[in-house]
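Down below is the structure, laid out as structure tokens.
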Amino acid sequence: MTQREIIGNKAVEILATARDGLRYSELVRRVKQELSDAKENTIHGTIWNLDVTRPTQVYKPARGLFRHVDYRETEAENDIKVVETTKKRDGETAFYESFAQYLTDELEECTKAIPLGGNCFKDRWGTPDVVGVLSPRPSDILKFSHEIVSAEVKTDPSALITAFGQACSYRLFSHRVYLVIPTSIPEAELARLDALCRVFGLGLILFDAENREEPNYQIRVRATKHEPDMFYANRNLKVIEDELFG
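Quick note on the working numbering: the sequence shown kicks off at 227 and runs consecutively.
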């Protein structure tokens, strides 16, 4: 067994005892304590990408934080979260496909968009209902980097606060985010959401939640582009890479 393998095994062993995970520097320190004969440079060289070299044992829930995969949210916990939102999502899923098409064909803010929803990202901060990407076309003279667009669709007027909070969290990994809500909400609520979306840079789109065939999406506020946190963007996009970029 090589020294790197010994160090990697020890790091995984230590992480297995740390439910909340360990920051990089703390993990290095503990490995050094356990393996006093190991060279510090070799320890650093082994641990810095431990989540890449041992993806079945270690993952990064946040930048610089290493955690054993045994402490990911359990399937049971995830199932509970999904069940809790099933009633609200039953009616919403019927609009995912049409809104994905609206993003590409009418708003032209995406070159490709796909329905998502559910618990695809397995993250307590939620998964967007629709995710799209804007990529340069072969005919474009000026090329640009990929831009990610996310959307939260809500058919239940009583869930607007939750929807707004979820949409805000998507800005962590998206260049643009849209909140899609029914036209039937009270005018006072709509005015408040309109103002909040402008303050936070979210896009706001209204639609007829009673008409699945012709939802008649109408843009009220266009989303403002911003730079997401690339750590979270790459982490989430890795899950849907084939579907979105394939």
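Using N, Cα and C, we set each Cβ at its ideal position, and we do this for glycine too.
Figure out for me which residue from the options has the closest Cα to the Cα of residue i.
i: Leu-430; options: Gln-444, Asp-263, Ala-320; result: Gln-444
i: Glu-266; options: Asp-277, Val-278, Ser-251, Thr-279; result: Ser-251
i: His-320; options: Lys-380, Pro-287, Tyr-285; result: Going by the sequence as given, residue 320 is Ala instead of His. Selected option, being the one with the closest Cα: Lys-380.
i: Asn-437; options: Ser-410, Thr-272, Asp-277, Thr-268; result: Ser-410
i: Leu-386; options: Arg-461, Arg-402, Leu-416; result: Leu-416
i: Ile-240; options: Leu-463, Arg-298, Asn-462, Glu-260; result: Glu-260
i: Ser-376; options: Gly-343, Arg-249, Glu-439; result: Gly-343
i: Arg-418; options: Phe-390, Ala-435, Tyr-396; result: Phe-390
i: Val-403; options: Ala-414, Phe-426, Ser-324; result: Phe-426
i: Arg-461; options: Val-238, Met-227, Asp-349; result: Asp-349
Could you tell me which residues DSSP puts in a beta bridge with residue i?
i: Glu-175; result: For residue 175 there is no data in the structure shown, the boundaries of the chain being 227 and 472.
i: Ile-445; result: Ile-431
i: Lys-464; result: Beta-bridge pairing links Lys-464 to no other residue.
i: Ala-288; result: Leu-291
i: Glu-260; result: Paired residue(s): none; Glu-260 is not in a bridge.
i: Lys-338; result: Val-359
i: Val-379; result: Val-406
i: Leu-248; result: Phe-292
Given this structure, state the Cα-to-Cα distance separating residue i from residue j, to the nearest angstrom.
i: Ile-367; j: Lys-451; result: 21 Å
i: Val-309; j: Ala-242; result: In this prediction, Val-309 scores a pLDDT of 43, lower than 50, which makes its location untrustworthy; no coordinate-derived value is stated.
i: His-270; j: Glu-334; result: 46 Å
i: Pro-441; j: Glu-332; result: 13 Å
i: Ile-340; j: Ile-466; result: 10 Å
i: Asp-382; j: Cys-394; result: 18 Å
i: Arg-448; j: Trp-274; result: 40 Å
i: Arg-424; j: His-294; result: 40 Å
i: Ile-374; j: Trp-351; result: 17 Å
i: Val-254; j: Lys-286; result: 15 Å
i: Glu-231; j: Leu-422; result: 52 Å
i: Thr-312; j: Phe-471; result: At Thr-312 the pLDDT is 42, less than 50, meaning the model places this residue with poor confidence; the figure from the coordinates comes in the next sentence. Their Cα atoms are separated by approximately 28 Å.
i: Pro-408; j: Ala-435; result: 5 Å
i: Tyr-328; j: Tyr-322; result: 10 Å
i: Leu-446; j: Glu-469; result: Per the sequence shown, residue 446 should be read as Arg rather than Leu. Rounded to the nearest angstrom, the two C-alpha atoms are 29 Å apart.
i: Cys-346; j: Gln-392; result: 15 Å
i: Glu-413; j: Asp-420; result: 10 Å
i: Thr-228; j: Ala-459; result: 34 Å
i: Lys-314; j: Val-238; result: Model confidence at Lys-314 stands at a pLDDT of 46, short of 50, so the residue's coordinates are unreliable; what they give is reported in the following sentence. Cα-Cα distance, rounded: 40 Å.
i: Cys-336; j: Phe-325; result: 11 Å
i: Thr-272; j: Thr-388; result: 42 Å
i: Asp-263; j: Leu-463; result: 40 Å
i: Ser-384; j: Thr-330; result: 29 Å
Give the C-beta separation of residue i and residue j to the nearest angstrom, bearing in mind that I take them to be a contact with Cβ-Cβ under 8 Å.
i: Pro-354; j: Glu-378; result: 6 Å
i: Arg-289; j: Phe-399; result: Between Phe-399 and Arg-289 the Cβ distance is about 13 Å, and since that is not below 8 Å, they are no contact.
i: Gly-234; j: Thr-282; result: Contact flag wrong, Cβ pair sits at about 12 Å.
i: Phe-370; j: Val-406; result: That pair is no contact at about 25 Å.
i: Lys-338; j: Val-356; result: Not confirmed; about 11 Å, so no contact.
i: Pro-454; j: His-401; result: 6 Å
i: Tyr-297; j: Arg-249; result: Wrong, their Cβ atoms sit about 15 Å apart, outside the cutoff.
i: Leu-276; j: Gly-247; result: The pair is not a contact, with the Cβ atoms about 12 Å apart (cut-off 8 Å).
Return the chain-ordered ranges of every alpha helix (DSSP H) run that is complete within the region 386-423 and spans a minimum of 4 residues.
386-396
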